[in-house]
Structure formats: C-alpha cells, structure tokens
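The numbering used here numbers the first residue of the sequence shown as 4 and each following residue consecutively.
From the three backbone atoms N, C-alpha and C, an ideal C-beta is built for every residue, glycine too.
A quick note: this is a predicted structure, and the numbers were derived from the prediction, not measured.
For reference, the structure is listed below as structure tokens.
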Amino acid sequence: MKSKDFGETFYWGAAISAAQTESAALANGKGISIWDEFCEAQKGFFKSKFRIKSKHHLNYSSDFYVHYKTDIDLLKSMGFKHFRFSIAWSRILPEGETINQQGIAFYQEVIQYCIDCEIEPWVTLYHWDLPAALEKKGGWTNRAILDWFALYADVCVRHFSKVKHWMVLNEPSVFVGAGYFFGIHAPGKKGFYNFFKAMHHANLCIGYIYRIIKNINPDLHVGSTFSFTYVESIDAQPKNLKAAKTANLLINRLFFEPIIGLGYPKEDLKILYQIEKHIQAGDVELMKTNLDFIGVQTYTREMFKHNALNPFLKIKQVPAQHRTNELTAMNWEIFPPSIYHVLKMIDNYQTGIPMVITENGIALMDEVENGVVRDAQRIEYFKNHLKQVKRAKSEGMDIRGYFAWSLMDNFEWAEGYHPRFGLVHIDFETKERTLKNSGHWFRSFLKTDESQD
Ligand code: NOJ
4 MKSKDFGETF YWGAAISAAQ TESAALANGK GISIWDEFCE AQKGFFKSKF
54 RIKSKHHLNY SSDFYVHYKT DIDLLKSMGF KHFRFSIAWS RILPEGETIN
104 QQGIAFYQEV IQYCIDCEIE PWVTLYHWDL PAALEKKGGW TNRAILDWFA
154 LYADVCVRHF SKVKHWMVLN EPSVFVGAGY FFGIHAPGKK GFYNFFKAMH
204 HANLCIGYIY RIIKNINPDL HVGSTFSFTY VESIDAQPKN LKAAKTANLL
254 INRLFFEPII GLGYPKEDLK ILYQIEKHIQ AGDVELMKTN LDFIGVQTYT
304 REMFKHNALN PFLKIKQVPA QHRTNELTAM NWEIFPPSIY HVLKMIDNYQ
354 TGIPMVITEN GIALMDEVEN GVVRDAQRIE YFKNHLKQVK RAKSEGMDIR
404 GYFAWSLMDN FEWAEGYHPR FGLVHIDFET KERTLKNSGH WFRSFLKTDE
454 SQD
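What follows is the structure, encoded as structure tokens:
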C-alpha cells in the first residue's frame, strides 16, 4: 500500500483538540471552561472526590499553547499537509460575551505558522470545552446556546479568515451522551431530560452555524464531525439482533439522521417521542444541512445483547474483554474491518456528501527507551485501517481524507493521561517530544513512493 494509492488530492493530516493539548488553562485572559472545572476536586462530606482517573488535570498536558511551533514542525516532518485542531471558546470569549484579544492573537499566530509551513489548518469550533459561565446558564440544555454559539462562530470566522476548512461540532453524540446523560464527562449532568434537550440543541447548532459561516463566506469548506462505531449483535438470536439494532440507533443514527434530513428515528424507538416537547416549528428544516463534508470518527467495534433488566432500552454492551481480539489501552477491541463497515453504512444513506475521516487511531501505554518509542502495534493499526479505507475507496465511496488521532499524546478526558494516542510521545513532566516509530512509519508512507505493506 502506498499513500499515492489514495489519490493526489487526498487530505493527509493529524488532529488534536484545545482542551486536550494546550494547558495554559487560565493564561492571558482565558476564561474557565467546563472541563477546567470538571478536573477540580469535588468537595464531599468526608473527603474530596475526583472525576478524572488518577486525579489528572488537563492543565498539565502537552503545552501546545507554548510549543505549537515545535508540534507543527513535527507534523510537517512526517509529511502531513493538513492539521486539525480546535479553538478554546473560553480563550476567545472568556465569559461567552466579550472578546479576549489575546486569545484571538494566539490562534492567529498558530494559523499563520501553519500557513508559513504550507500546512492547511482545519479548525473545529467546538471540541467539548464550553465556557463555564455559559454552563451556569444551562449550557447545552438551554436553547440560547444557538445565540451564544452564533456569536462565537461569527467572531472566529471573521478573525481567522485564512482558515478554509471548518468543523462545527466534534462528536455531539459523545459530549451529549457522556456529559448530559451519564454524567461522566463535563458538565456531569444526567438523565433523559437533560440528554434530549442537549441533543436537540446540538443538532440544531450544526445547521444554524453551518448557515452562518456560509453566509459570511460561501467559499468556505464547512463540515461537522460525528462519532460512528460498527455495532454487531453477539449472535443471531432475534432478541439480541433487536438489541444491536437499538444500540446502532443510539450510537450511529440519532445524531446523524436529523442532519441529513431524516429527522429523529422515533418510530424505531418510542422513548424518542419525548424529544417532541423540545422541537419548535422549523427545527426539522434547520437541522437538515447539506454539509460540505461529513467528518467520520471511528475507532472500534461494539457488541450488544438483550438485557431484560434495562428498563427502557433492553440492551447490554458486551465488553471487549469478553471477546478474542486484542485490546487497546482504552480496552477497545482492535477490529480493522469496522472502519470499512462504518464508511459503508454512511455511504448507504446516499447523501452525496463527501466523507473525510477526521479521527482514527489507537491508545497504547507507550514508553520511551533510549530515545525510541517502539509502538509496533500502532503501526499495524494504521496499516490495517488504511487498507480498509482503501478498500472502501476502491468500491467508489467518496472519501477525501484521513486524519490520524492524534498528533501527540494528550489528556484523554475522564481517562487522564495514561492512554496515549499520539504519533509523538510527550513526557508530561518535562514536555519533551519524541517521535514514535509510528511517526517514522507515517514519514516513509507519506514521503516515499515505496509500498508500506
Ligand atoms: C474522540 C474525541 O474527539 C477525542 O477528543 C478523543 O481523544 C478520541 N476520540 C479518543 O477517545
């Protein structure tokens, strides 16, 4: 397999996000975000509780805020021509209202440095770090988020006019599910009521903000990213097949079908009728968005079976540990055909919208030994997943690019710093950067014409 097999215009890139890499949580006028707060101790009756594993805190991550030039140089050295990163909303509008010029200046410098290095910036507006001041007003459960986001998007698009590629949201199903249903991500809210409201507002935002950006400049390339996972039933028993169908609806359809004009799949899951009270006239049309690209983010396969004890959904996830394939440091199953099946599933909707794989990668517990990180498993992961992408392309699916997650090790949300996703190793104490063997592999894959099978 050669990188050229994917075509001359294929976008090859690597991705990061602000909250996971920047540190500098309060530097130069930045406001507090919901993730800054979520990392702090919760004062309990007897002792404080922490919600991030090992009490890790995002403020001690990769220091991209300081080292961005080194990081972009490393990206370039591997032969990538595209860089996906996000803007911290609370660096731009610390309380959600007034512009922080120092925040604007920081991203202008990052963007300019990309351009100087002939790297195309791909900017995600929302990668989960809402200003805490807006969460106090209800965050994603408050419909006013449309206005707050409109202001933020307008400020960004006008100030960062050199950026051509924009993404509105990063994986709404994950930040809404984990943050507003399970309460395991910021802001830690729970239950169906919060979930339905936050979900509907996130879906509306995609359409609303897409139109705002295109109104400012119709030539901009605007998409949004979605988390997709290949879902299977544990076996062919009808009740288990039904459970897998429900899981597929929740994981893959619920946040995607409204955007491509199919509305919420209420007929297939009656509890979804509860969303109706949040839907206003014109909402269905507003959610329907002819995006310029669908950002596909996918990592693994999940399996489900029937569970009579689960009151509403009747489903149970079968942990990857109960299966035979190898696992990643996230305990996710390594199953390369899953990316092909996900691409095929999206292709089957026949939206006519091109796909860009905006995230794919593997977490390991990498260590530096004598200046070398021997992450052979990561190289295998990328090779095998890319072969499946090539297979999908050869069947005619419109796939325009591939971004590895992640450029460098970073803060993996509630999991803290142990799972490492980077092509570049970060020593979180010294901030030293070491290109892993997988980074060297990408360099030969992207820069030479030799086959890398
Ligand atoms: C998806 C998210 O966008 C990213 O922030 C996260 O680190 C990766 N998946 C890995 O879990």
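Rounded Cβ spacing between residue i and residue j (contact assumed at less than 8 Å)
i: Gly404; j: Val359; result: 4 Å
i: Glu235; j: Met333; result: That belief does not hold up - the Cβ atoms of Glu235 and Met333 are roughly 19 Å apart, past 8 Å.
i: His224; j: His168; result: 5 Å
i: Leu61; j: Tyr129; result: Not quite, the Cβ-Cβ distance comes to about 16 Å (not below 8 Å), so this is no contact.
i: Asn413; j: Ile19; result: 6 Å
i: Ser230; j: Gln283; result: Ser230 to Gln283, Cβ: 26 Å. No contact.
i: Ser36; j: Ala22; result: 7 Å
i: Ser93; j: Gly34; result: 4 Å
i: Thr292; j: Trp335; result: That pair is no contact at about 30 Å.
i: Trp143; j: Ala205; result: 6 Å
i: Val371; j: Leu77; result: That pair is no contact at about 15 Å.
i: Met400; j: Asp350; result: 5 Å
i: Ile75; j: Tyr116; result: 6 Å
i: Gly99; j: Trp151; result: 5 Å
i: Met348; j: Asn255; result: 7 Å
Three-state secondary structure assigned by DSSP to residue i
i: Val375; result: strand
i: Met400; result: coil
i: Thr144; result: helix
i: Trp335; result: coil
i: Gln353; result: coil
i: Ile75; result: helix
i: Arg326; result: coil
i: Ala366; result: coil
i: Pro124; result: strand
i: Met348; result: helix
i: Gln320; result: strand
i: His428; result: strand
i: Trp408; result: strand
i: Pro314; result: coil
N- and C-terminal bounds of the alpha helix (DSSP H) containing residue i
i: Glu112; result: 104 to 119
i: Phe448; result: 440 to 450
i: Arg94; result: 92 to 95
i: Leu61; result: Segment: none, Leu61 is in no alpha helix (DSSP H) and carries neither H nor E.
i: Glu138; result: 135 to 138
Own chain, CB closer than 7 Å to residue i, minus 5 neighbours either side, in chain order
i: Asn1; result: Look at the range of the chain in this structure, 4 to 456, and you will see that residue 1 is not part of it.
i: Lys269; result: Leu275, Tyr276
i: Ala247; result: Val234, Glu235, Ser236, Phe307
i: Leu207; result: Leu149, Asp286, Leu289, Met290
i: Pro340; result: Gln391
i: Ser448; result: In the sequence on display, residue 448 carries Phe and not Ser. Excluding positions up to five away in sequence, the list reads Ser6, Gln455.
i: Leu367; result: Thr331, Ala332, Asp378, Gln380, Arg381, Arg423
i: Ile278; result: Phe199, His203, Tyr267
Residue range of the unbroken beta strand (DSSP E) whose run includes residue i
i: Ser89; result: 85 to 89
i: Ala417; result: From DSSP, Ala417 is part of no beta strand (DSSP E); its letter is neither H nor E.
i: Trp15; result: 14 to 18
Neighbourhood of residue i by C-beta distance below 6 Å, restricted to the same chain and skipping five residues each side
i: Gln105; result: Asn31, Gly32
i: Ile356; result: Leu294, Ile297
i: Ala91; result: Ala21, Asp132
i: His344; result: Tyr233
i: Leu389; result: none
beta-carbon residue i near ligand 3 non-hydrogen atom, thresh 8 Å
i: Phe296; result: Ligands present in the displayed structure are limited to ligand 1, and ligand 3 is not among them.
Residues of its chain near residue i, where Cβ-Cβ distance is below 8 Å and the 5 sequence neighbours each way are ignored
i: Asp8; result: Lys393
Completely contained alpha helix (DSSP H) runs for the segment 154 to 218, where each covers 4 or more residues: 175 to 183
Alpha helix (DSSP H) runs wholly inside the segment 20 to 57, at least 4 long, in chain order: 21 to 24, 37 to 41
Can you list, in chain order, the stretches of the beta strand (DSSP E) that have 3 or more residues and sit fully within the segment 221 to 276? 224 to 230, 233 to 236
Give, in chain order, every unbroken run of the alpha helix (DSSP H) that is at least 4 residues long and sits entirely within the segment 277 to 312. 286 to 290
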